[in-house]
Amino acid sequence: MSMTDAILQEFENEAGTTRRVLERVPTDKLAWKPHPKSMSLGVLALHVAASPAVISGWACQDETHFKGDPVPEPVSTAEILAAHDAGVKTVKDSLGGLGDEGLKQMWTAKAGGATLMQMPKAALVRAIVLNHWYHHRGQLSVYLRLLDVPVPSIYGPSADENPFAARA
Numbered sequence: 000m001s002m003t004d005a006i007l008q009e010f011e012n013e014a015g016t017t018r019r020v021l022e023r024v025p026t027d028k029l030a031w032k033p034h035p036k037s038m039s040l041g042v043l044a045l046h047v048a049a050s051p052a053v054i055s056g057w058a059c060q061d062e063t064h065f066k067g068d069p070v071p072e073p074v075s076t077a078e079i080l081a082a083h084d085a086g087v088k089t090v091k092d093s094l095g096g097l098g099d100e101g102l103k104q105m106w107t108a109k110a111g112g113a114t115l116m117q118m119p120k121a122a123l124v125r126a127i128v129l130n131h132w133y134h135h136r137g138q139l140s141v142y143l144r145l146l147d148v149p150v151p152s153i154y155g156p157s158a159d160e161n162p163f164a165a166r167a
């Protein structure tokens, strides 16, 4: 199996899990924050939904220049789910088109003319597309728990779902 195929297989498996978490986000709580310094539920959920597509697009470039763009505030769970669904297709297209040879090329992040980081595109995909995505999905599951929203099973049973329980 190629490196690209392995990454895409992992991404597809995780995308379904992520969608189940995003489906639980209540529209009437999008402005809620667990702490004044935290992202709102809506901003975090949209970040989880949209960031893989944005970041996989960076892997199709040799350099990305960060400008400090404003963070969008979603207005509904439907908007968040639409961003996720569109993003899944974008990631598959971006990474599938890049291929193993493309993943070996270097990527550089810059801001204000300064180099922030440089790494092979494969490391960008692993660390910033996938691991970053999992980190924020975990945060989102904690937000849901704090709001008393049932948390779906992610890698195993949650307090609300047990995919391994005997079914009658």
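Using numbering that gives the first Met the number 0, you'd call the opening residue of the sequence shown number 0 and step up by one each time. Glycine included, every Cβ here is placed at the ideal spot set by N, Cα and C. Remember, predicted model here, so these are calculated numbers, not experimental data.
| Check | Outcome |
| --- | --- |
| Same chain only: Cβ atoms within 7 Å of Ser75, ignoring 5 sequence neighbours per side | Thr26 |
| The beta strand (DSSP E) enclosing Ala110, as first and last residue numbers | 105 to 110 |
| Gln117 - partner residues in DSSP beta bridges | Thr107 |
| Inter-residue Cα distance where the pair is Ser172 and Ala58 | No statement about residue 172 is possible, as the shown extent of the chain runs from 0 to 167 and does not include it. |
| Residues that DSSP places opposite Glu62 in a beta bridge | Thr107 |
| 8 Å Cβ shell around Pro156 - same chain, five flanking residues per side excluded | Pro162, Phe163, Ala164 |
| N- and C-terminal bounds of the alpha helix (DSSP H) containing Arg136 | 131 to 145 |
| Exposed unless 16 or more other CB atoms sit within 10 angstroms - verdict on Phe65 | exposed |
| Range of the contiguous alpha helix (DSSP H) that encloses Lys88 | 76 to 102 |
| Residue range of the unbroken alpha helix (DSSP H) whose run includes Gly15 | 2 to 22 |
| Distance, Pro149 Cα to Asp159 Cα | 6 Å |
| Secondary structure of Val128, DSSP reduced to three states | helix |
| Residue nearest to Leu143 in terms of C-alpha spacing, selected from Thr107, Thr63, Trp31, Gly67 | Trp31 |
| Cα-Cα separation, Gln60 to Leu123 | 11 Å |
| Distance CB(Ile79)-CB(Val42) smaller than 8 Å | no |
| Endpoints, alpha helix (DSSP H) assigned at Val53 | 40 to 57 |
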